[in-house]
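Trainee: In terms of numbering that gives the first Met the number 0, the sequence shown is numbered consecutively and its last residue is 1219.
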Amino acid sequence: MPRWFFQTKAREKLADVLSAGNYILGAKIWVTHAEKVWESATLEENYRKGAGFLKICTESGSLKEFKLKPDGSNLPPLRNPAILVGQNDLTTLSYLHEPGVLYNLRVRFCERQIIYTYCGIILVAINPYAEMPLYGPSIIRAYRGQSMGDLEPHIFALAEEAYTKLERENCNLSIIVSGESGAGKTVSAKYAMRYFAAVGGSESETQVERKVLASSPIMEAFGNAKTTRNDNSSRFGKFTKLLFKNQMGVMYLQGATVHTYLLEKSRVVYQAQGERNYHIFYQLCAARAKYPELLLDHQDKFQFLNMGGAPDIERVSDADQFNETAQAMTVLGFSFQQIAEIVKILAGILHLGNIEVAKKYTEGSEEEDTDSCEISHNDIHLQITGDLLRVKTEDLRRWLVMRQIESVNEHVLIPNSVEAGQAARDALAKHIYAKLFQYIGGVLNKSLNNGSKQCSFIGVLDIYGFETFEVNSFEQFCINYANEKLQQQFNQHVFKLEQEEYLKEGITWTMIDFYDNQPCIDLIESRLGVLDLLDEECRMPKGSDESWAGKLIGKCSKFPHFEKPRFGSTSFFIKHFSDTVEYDVNGFLEKNRDTVSKELTSVMAMSSMSLVKQVMALEDIDTLGVDANTTSTLGGRVVISAGRKQELNETRRRVVPSKQHRKTVGSQFQESLASLISTLHATTPHYVRCIKPNDEKIAFKWETAKIVQQLRACGVLETVRISAAGFPSRWLYPDFYMRYQLLAHRSKIDKNDLNQSCRNIVYKWIEDEDKSRFGNTQIFFRAGQVAFLEQVRANLRKKYITIVQSVVRRFIYRRRYLRLQMVIRGIQRYARGYMARERVQKMREARAALILSKYAKGWLCRRRYLRLRHSIAGIQTYARGMLARRKFYALRDNYRAVQIQRFVRGVLARRAYHHKRRNIIICQAAVRRFLARRKFKRMKAEAKTISHMENKYMGLENKIISMQQRIDELNRDNSNLKHKTSEISVLKMKLEMKKNLEGEFKNVKAACMDKDMLIAALNKQLEAERDEKMQLLQENGHAQEEWLTQKQSYCLANEELRNQVDQMIEMAKNAEATQRDQNVRMLAEIDNDELNEAYQRAIKDKEVIENENYQLKEELSRFQQNGVYSQRNRSASNASSQNEEDVGYASAKNTLDINRSSDLHSKSHTFVDCTSLVVKLRSILEEEKSKHKVLQDQYIKLASRYKPTEDSFRPTCRPTGRGS
């Protein structure tokens, strides 16, 4: 078919495509997804105008219906062609939209592990969280002299572009690095400065390069900290000017200056959970062994360091980092004296945080004074802080607990509450650290800037990115305000570059509509804007966050970017370019004032340490707009408080700042930011946008939702939108001709005039002239046109390839057929010869088989016979062996049975012998028992004789004598007890005299106004005690009456017992007179029962008396132990008189009880023995009575001695209050 036919068909198909757009069957699109944000899908049908939905198949394989609007305005975005996926520059994509940009970055980062990508003038850097071999000296040499775009995107390519422009045009440039915490801003800025130091150095000026590189560890130690998002997060903004001098057409690095912004002072006194204070504090604690004079301890012992609960960083040694910081300070000109004094100031800040501000109590009472506080004079950390900072400890303590208010004619001292005291302590710590940070920046600038005339510079800006949290305060407001200004500068610069590019190419263009955030900036910095109202409220004496919020809602509601909250008035909304942020007004005024007590600063200024004086004398001066060669300032800074949300009260609102601190933080920051923006406008900026791919810090992990949010916030998507609004796709004429020359007829192609040939190609397929522009060196296309040309090119190539394939296939198959025919004929010829040879071979094999079978059969028969014979011989061998073994086993079993029978018979014979022997022994035992019983009866009769009785009673007399001796010992102990009782009475009198003296001393010290009330209370208490004493006396009288009654009963019992003993004595005398001659005969006939009964009655009476004496002793001892010390309402009747000395007597009594039964049965009926026994019993009774009387007298004396008196009931009266 002729070629024009295919071109006509292609044009017809193109017309169909244009009528239906690019949404045809099989087209790749992007659809939204809840988790992935965007998901790839394929169209299952062609799009028709007015259709209500599109059938799609997602990447996961599910079929869905995509709802459409009638006008088709919400058609899903198309995917870029495969050739454009993974491009180095996002602006070269045919379809410039969010999912296309996101997918291109994901392919480069996850699949190809490339962290850098261009987006127009922006370098997008994604933090890989892994060590990348991309920054060595060889890489620096590779990018030196290369144009941007010749090699892969890199921070060195951007730095080389800036350095080349500096050499070529001798102008000022800047590199703006932004991104959220943990995105790698500090590292990117560090590598950019390393590149400038490498390419701008010389053999004779290596010291300048060393100083520029050594400034990074110092600024990181004093300005970086660990956060929940980053282990080395910069908590300040930094603008570093690298100063270059033109020497013989080559730019050499001469020095640098550092300007800081937004130092997060509140991190010094507070850290959130999982975060750390600034690195330098932990480094100093780790190296405390080098500075014993600082009296430092482990970092967990300091209040300012242990709040976050995360004191360590993985794979980082604080001790090694301190050595590196100290070495860098030495390189930058810090003397050993300066380093030592800086270390002392840091240690003083740590000890200052450990000063305890305690509650104070009203003098003379225990009531807490809520309006004042106190610090102990012996506070060890207060003493150490004064010694380290060389200030007066007493002055420091005084102005921490007091404050001075200036009136018209006088100064008024007002005590601080505990909260105000702690706030003053924290404010002082923050102020000292901020001044020290400013001083270090000044020393760095002096060391880096050698004073030579500045030619030009390259500025590197490392600053916060856009921030939004659950609770946003003053620090987020300032950061987002700075990003609004930077975004405005960025938009203006991007729009300017677009204009310059169009003018350079000489094409016609119309105004591009881009987002202008000037209304949002006006809301913040215009008159009656947020900052203006904030400063006005700070000047009010009774200004508060709530009143300021009310003014905001009343004055700023006219601004379209301001929104008031639906509920409450403690917050407000601002619509930033990236997102709408809600700000909490609590703490805005305090952080904007940033006040610190003038008296405390005066105390610090009077320090005897020169560095402390020098630090406290520094002023906040913005040096960004001042020439570094003509000013002697130490560097500019603006500090704000960030971190915890501090509760404000009326006491803290009344603190009046000093005159040197009248300027608010907001106004300082606004002026410094304006100076920064003017500096950036005067330079040629280059942009680096750092992206944090995940929060877990996992290498090459991609979280789409987080990355999309950062791309929106850092302006990458805004750049894409601006590019898409113009002509984002641009092709050089030679490149376009080489790729798309097949889209035009041969007659329209002129190789000598490539520009016209390209025009013919574009005019043929793109009829709308607004979709493309022809420049001097490039062709500009609207978004989607390159993809359309790619689709047309793919369709034409498909048709041309189909025709070529058909011709080639015909040729291949015909040649294959001829070859096959020739091969088949040859195969047939060889096959026939092969078959004949096979037939002859079979005949030969049949004859050979007969011969072989004959010999084989004979061999088989012989082998079968030999096997059978061998088997039979083996069977016989095993059978004979088995029979022999059986016979041997039978003989062995017979022998063993005989042996068993022999042993069994022996056992039975021994058993019968033992049985007979046992029976004989039993008989012998029975006979011996009979003989023993007979002997026992004879001995029992002998035991009843007189001689035996005498032996028995001899033992009883010995026991009675031992009892008598024990009673004598008890009497001696009683006499000693009486002597000690007399001593107790003397001591009691002395104690009473001492109590009287103490009472008089206490009464003298009592207050005069309270004396009457105290006497009345004592009188009432005395009357109650007297009544109680009378009651106790009555109870004691009743107890004595009961004791007398019991005593009389005891006496009557003793009298009866004495009468009975006398009667027994008389009876014994009468019997002795009348029956002396017949005593032998009567002893055998006397009835033992009467004597035993009399003896038992005497023993029982003795036991009764002993029990009564024992009870009396228990009452007496109990009274002695509890009567004096308990001072309770106890009567004398329930006292105890137990005495430990009765133990021996009780043991004697128990001995009598144990031996009583055996002795009574063995008594003799002789008259002489009975008489002696009765006499001894009588003596025992008399001794018991005397002992009873002595104990009774002792009890009466002690009871009267320990009677309760008025002094024992008088309470100890002491005046209340802390002063007594």
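No residue lacks a Cβ here, since even glycine has one placed at the ideal position from N, Cα and C. Since the structure is predicted, the reported quantities are computational estimates derived from the model, not experimental observations.
When DSSP builds the beta bridges, which residues end up paired with V36?
Mentor: Paired residues: H32.
Trainee: Can you tell me whether DSSP reads A156 as helix, strand or coil?
Mentor: In the structure shown, A156 sits in a helix (DSSP, three-state: H, G or I).
Trainee: When burial is assigned at 16 or more other CB atoms within 10 Å of the CB, is N516 buried or exposed?
Mentor: With 16 or more other Cβ atoms within 10 Å, it is buried.
Trainee: So for L277, helix, strand or coil by DSSP?
Mentor: The identity of residue 277 in the sequence shown is Tyr, whereas the question assumes Leu. Here Y277 sits in strand by DSSP.
Trainee: Quick one: which unbroken alpha helix (DSSP H) runs of 4-plus residues sit fully inside the segment 173 to 216? Chain order, please.
Mentor: 184 to 198, all fully within the segment 173 to 216.
Trainee: When the Cα atoms are used, what is the spatial distance from L672 to C170?
Mentor: If I take the Cα positions, the gap works out to 22 angstroms.
Trainee: Could you give the residue range of the beta strand (DSSP E) that holds P684?
Mentor: 683 to 690 is the span of the beta strand (DSSP E), which, as asked, contains P684.
Trainee: Cβ atoms of L172 and T682: under 7 angstroms apart, would you say?
Mentor: A contact, by the Cβ cut-off of 7 angstroms.
Trainee: What does the alpha-carbon distance come out to for the pair Q840 and R824?
Mentor: When rounded, the distance between both Cα atoms is 25 angstroms.
Trainee: Helix, strand or coil: which one does DSSP assign to T876?
Mentor: Reduced to three states, the DSSP call for T876 is helix.
Trainee: For N759, tell me which candidate among L741, N775, D769 has the shortest Cα-Cα distance.
Mentor: The shortest Cα separation from N759 among L741, N775, D769 belongs to L741.
Trainee: How is R2 classed by DSSP in three states: helix, strand or coil?
Mentor: Unreliable positioning characterises R2 in this predicted model, as indicated by a pLDDT of 39, which lies under 50. A coordinate reading is not provided.
Trainee: By the DSSP assignment, the beta strand (DSSP E) with K700 in it spans what residues?
Mentor: Premise fails: K700 is in no beta strand (DSSP E) and is neither H nor E.
Trainee: According to DSSP, is F576 helix, strand or coil?
Mentor: Three-state DSSP puts F576 in coil, outside helix and strand.
Trainee: Identify the residues that DSSP records as bridge partners of I121: which are they?
Mentor: Answer is C118, Y686, bridged to I121.
Trainee: Going along the chain, which unbroken runs of the beta strand (DSSP E) with 3 or more residues stay wholly within the segment 364 to 426?
Mentor: The segment 364 to 426 contains these whole beta strand (DSSP E) runs: 367 to 373, 401 to 405, 410 to 414.
Trainee: Which runs of the beta strand (DSSP E) at least 3 residues long sit entirely within the segment 326 to 366? Give them in chain order.
Mentor: Complete beta strand (DSSP E) runs here, min 3: 357 to 360.
Trainee: Going by beta carbon distance, what residues of the same chain come within less than 6 angstroms of Y1221, once the five residues before and after it are set aside?
Mentor: Outside the shown range of the chain, which is 0 to 1219, sits residue 1221, and nothing can be said about it.
Trainee: Could you tell me the distance, in whole angstroms, from the CA atom of T1165 to the CA atom of E1054?
Mentor: Because T1165 sits at a pLDDT of 42, beneath the cut-off of 50, its placement in the model cannot be relied upon, and the point is left open.
Trainee: Label V249 either buried or exposed according to how many other C-beta atoms from any shown protein chain fall within 10 Å of its C-beta, with 16 as the threshold for buried.
Mentor: Exposed.
Trainee: Would you grab the beta carbon distance between L753 and Y736 for me? Rounded to a whole angstrom, and I think it's under 8 angstroms.
Mentor: Sure, about 5 angstroms apart at Cβ, within 8 angstroms.
Trainee: What is the C-beta distance between R266 and Y281, in whole angstroms, given that I count them as a contact (C-beta under 8 angstroms)?
Mentor: Not confirmed; about 13 angstroms, so no contact.
Trainee: Could you check if T369 is buried or exposed, using at least 16 other CB atoms within 10 Å of its CB as the buried criterion?
Mentor: Its Cβ having fewer than 16 others within 10 Å, T369 is exposed.
Trainee: How big is the Cα-Cα spacing for V198 and E159?
Mentor: Cα to Cα, V198 sits roughly 9 angstroms from E159.
Trainee: What residue range is occupied by the uninterrupted beta strand (DSSP E) comprising I457?
Mentor: That run of the beta strand (DSSP E) goes 455 to 461.
Trainee: Take K300 as the anchor and find which of A346, P216, K853, C713 has the nearest alpha-carbon.
Mentor: Among A346, P216, K853, C713, the Cα nearest to that of K300 belongs to A346.
Trainee: In its own chain, which residues sit with a C-beta less than 7 angstroms from the C-beta of V1142, not counting the 5 before and 5 after it?
Mentor: Confidence at V1142 is low in this model, with a pLDDT of 37, below 50, so the placement of that residue is unreliable and no value is reported for it.
Trainee: Count the other CB atoms within 10 Å of the CB of L851; is the residue buried (16 or more) or exposed (fewer)?
Mentor: L851 should be labelled exposed.
Trainee: Contact between the segment 467 to 479 and the segment 584 to 596: three or more CB pairs below 8 angstroms?
Mentor: Yes, they touch.
Trainee: Please go through the same chain and pick out, in chain order, the residues whose beta-carbon is closer than 6 angstroms to the beta-carbon of A712, but skip the five residues on each side of it.
Mentor: Cβ neighbours of A712 beyond the five flanking positions: F465, S577.
Trainee: Grab the span of the beta strand (DSSP E) containing C56 for me, first residue to last.
Mentor: Element bounds for C56: 52 to 57.
Trainee: Can you name, in chain order, every residue of its own chain whose Cβ lies under 8 angstroms from the Cβ of T579, other than the five neighbours on each side?
Mentor: Cβ neighbours of T579 beyond the five flanking positions: E562, F572, I573.
Trainee: Quick one: using the 10 Å Cβ neighbour count with 16 as the cut-off for buried, is Y816 buried or exposed?
Mentor: Label assigned to Y816: exposed.
Trainee: As a quick exercise: from K798, I765, N794, pick the residue whose alpha carbon is nearest that of R781.
Mentor: It is I765.
Trainee: For Y260, which residues does DSSP report across the bridge?
Mentor: DSSP output for Y260 lists G236 as bridge partner(s).
Trainee: On the criterion of 16 or more Cβ atoms from any shown chain inside 10 Å, does M603 qualify as buried, or is it exposed?
Mentor: Buried.
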